[in-house]
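K.L.:
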Amino acid sequence: EAQVTQNPRYLITVTGKKLTVTCSQNMNHEYMSWYRQDPGLGLRQIYYSMNVEVTDKGDVPEGYKVSRKEKRNFPLILESPSPNQTSLYFCASSSPAQPQHFGDGTRLSIL
Amino acid sequence: RKEVEQDPGPFNVPEGATVAFNCTYSNSASQSFFWYRQDCRKEPKLLMSVYSSGNEDGRFTAQLNRASQYISLLIRDSKLSDSATYLCVVLNAGNMLTFGGGTRLMVKP
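Note that the protein sequences, when read in sequence, are chains A and B. Take 1 as the starting number for the first sequence in our numbering and just add one per residue. Take 1001 as the starting number for the second sequence in our numbering and just add one per residue.
Written out as structure tokens, the structure reads:
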């Protein structure tokens, strides 16, 4: 089954404790992206990747890192999480100029 | 001004009603357009692409007006299961997707 898989689905952690949210897709898509969704602000792009070893900042990259060492994986790293990064996070992938497929979402709470 | 703007709603309609949502975008170079549907606390899912000539998928009709830079979605014969948030999405150069804030639809019995 074609899918985008995020882990974990839910995480409660504390300020400053490094965490990684993994994202994997099995559709051989070149393009992958991370979004956060907050009430009243909609979906905002954090980082995206056009292909392996190519990553770029989205609209709200501060406090996040990504890597794209393999085509299928695009982890999101929070080196020193803060409470303002409490949010619902979505990973997505697509072929170029095609609509994106989204993962199920990861709900992060930073205390 | 936001790059993609939608009326947040909510639109409260009875079952069987016809409802229309509009969306405006500011980047005249935008390349592709989509409507996504998002249920509460779930991931956005592609509802339909929007083509210049207009396109229909069952009870759903999407229109694009490039001159006025707006996109519309028409839902006929609303069902309870249509209750969701509808996201207008614009694809720009570099495969950048920009989302509208979403329009919430609530279909009542």
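From the three backbone atoms N, C-alpha and C, an ideal C-beta is built for every residue, glycine too.
Answer yes or no: does any C-beta atom of chain A fall closer than 7 angstroms to that of Glu1005(B)?
P.N.:
What you label residue 1005(B) is simply residue 5 of the second sequence in a count that begins at 1. Judged by the 7 angstroms Cβ criterion, Glu1005(B) is not in contact with chain A.
K.L.:
Does the CB of Phe1111(B) have a neighbour CB from chain A at under 7 angstroms?
P.N.:
The requested residue 1111(B) does not occur in the structure, where chain B is confined to residues 1001 to 1109.
K.L.:
Tell me the DSSP bridge mates of Met1048(B)?
P.N.:
Counting from 1 along the second sequence, the entry for residue 1048(B) is found at position 48. Trp1035(B).
K.L.:
Please report the straight-line C-alpha distance between Gln45(A) and Cys91(A), rounded to a whole angstrom.
P.N.:
In the first sequence, the residue the question calls residue 45(A) occupies position 45. In the first sequence, the residue the question calls residue 91(A) occupies position 91. Gln45(A) and Cys91(A): Cα-Cα distance of roughly 10 angstroms.
K.L.:
Quick one: Cα of Ser67(A) to Cα of Gly16(A), how far?
P.N.:
Along the first sequence, one-based indexing puts residue 67(A) at 67. Along the first sequence, one-based indexing puts residue 16(A) at 16. Taking the straight line from one Cα to the other gives about 20 angstroms.
K.L.:
List the residues of chain A whose Cβ lies closer than 7 angstroms to the Cβ of Glu1043(B), in chain order.
P.N.:
One-based indexing of the second sequence puts residue 1043(B) at position 43. Within 7 angstroms Cβ-Cβ: Phe90, Phe102, Gly103, Asp104, Gly105.
K.L.:
If you draw a straight line from the C-alpha of Pro96(A) to the C-alpha of Ser1068(B), how long is it?
P.N.:
Along the first sequence, one-based indexing puts residue 96(A) at 96. Along the second sequence, one-based indexing puts residue 1068(B) at 68. For Pro96(A) and Ser1068(B), the distance between alpha carbons rounds to 26 angstroms.
K.L.:
Could you tell me whether the stretch 70 to 85 of chain A touches the stretch 1010 to 1019 of chain B, where touching means 3 or more Cβ pairs closer than 8 angstroms?
P.N.:
The stretch 70 to 85 of chain A is not in contact with the stretch 1010 to 1019 of chain B.
K.L.:
Which residue wins for smallest C-alpha separation from Gly103(A), given the options Tyr10(A), Gln25(A), Ser49(A), Ile12(A)?
P.N.:
In the first sequence, counting from the first residue as 1, residue 103(A) sits at position 103. Residue Gln25(A) is the option with its Cα nearest to Gly103(A).
K.L.:
What do you reckon, are the CB atoms on Arg1041(B) and Ala1084(B) nearer than 7 angstroms?
P.N.:
On the second sequence, position 41 is the one that residue 1041(B) refers to. On the second sequence, position 84 is the one that residue 1084(B) refers to. No, these two residues do not count as a Cβ contact at 7 angstroms.
K.L.:
Give me the Cα-Cα distance between Gln1063(B) and Glu30(A), rounded to the nearest whole angstrom.
P.N.:
Working through the second sequence from its first residue, we reach residue 1063(B) at position 63. Working through the first sequence from its first residue, we reach residue 30(A) at position 30. Using only the alpha carbons, I get a separation of about 29 angstroms.
K.L.:
Going by beta carbon distance, what residues of the same chain come within less than 7 angstroms of Gln37(A), once the five residues before and after it are set aside?
P.N.:
Against the first sequence, residue 37(A) aligns to sequence position 37. Within the same chain, Gln37(A) has close Cβ partners Leu43, Ser87, Leu88, Phe90.
K.L.:
Which residues in chain A have a C-beta closer than 7 angstroms to the C-beta of Ser1072(B)? List them in chain order.
P.N.:
Working through the second sequence from its first residue, we reach residue 1072(B) at position 72. Residues of chain A passing the Cβ test: none, with the nearest at roughly 18 angstroms.
K.L.:
Take every Cβ of the stretch 1015 to 1028 of chain B, pair it with every Cβ of the stretch 47 to 65 of chain A, and state whether three or more of those distances are shorter than 8 angstroms.
P.N.:
Result no; under three Cβ-Cβ pairs closer than 8 angstroms.
K.L.:
Could you confirm whether any beta carbon from chain A is found closer than 7 angstroms to the beta carbon of Leu1047(B)?
P.N.:
Numbered from 1 along the second sequence, position 47 holds the residue referred to as residue 1047(B). Chain A contact via Cβ: absent.
K.L.:
To the nearest angstrom, how far is it from the Cα of Gly1101(B) to the Cα of Gly40(A)?
P.N.:
Sequence index remark: in the second sequence, residue 1101(B) carries index 101 (1-based). Sequence index remark: in the first sequence, residue 40(A) carries index 40 (1-based). Each residue's alpha carbon lies about 7 angstroms from the other.
K.L.:
In the DSSP assignment, what are the bridge partners of Leu11(A)?
P.N.:
If you number the first sequence from 1, residue 11(A) lands on position 11. Paired residues: Leu108(A).
K.L.:
Measuring CA to CA, which of Ser49(A), Pro81(A), Ser80(A) is closest to Phe69(A)?
P.N.:
If you number the first sequence from 1, residue 69(A) lands on position 69. Position check: residue 69(A) holds Lys in this sequence, whereas Phe was assumed. Considering only alpha carbons, the answer is Ser49(A).
K.L.:
Jot down the residue ranges of each uninterrupted beta strand (DSSP E) in the stretch 49 to 96 of chain A, minimum 3 residues, whole runs only, in chain order.
P.N.:
Fully enclosed beta strand (DSSP E) runs of 3 or longer: 54 to 57, 76 to 78, 87 to 94.
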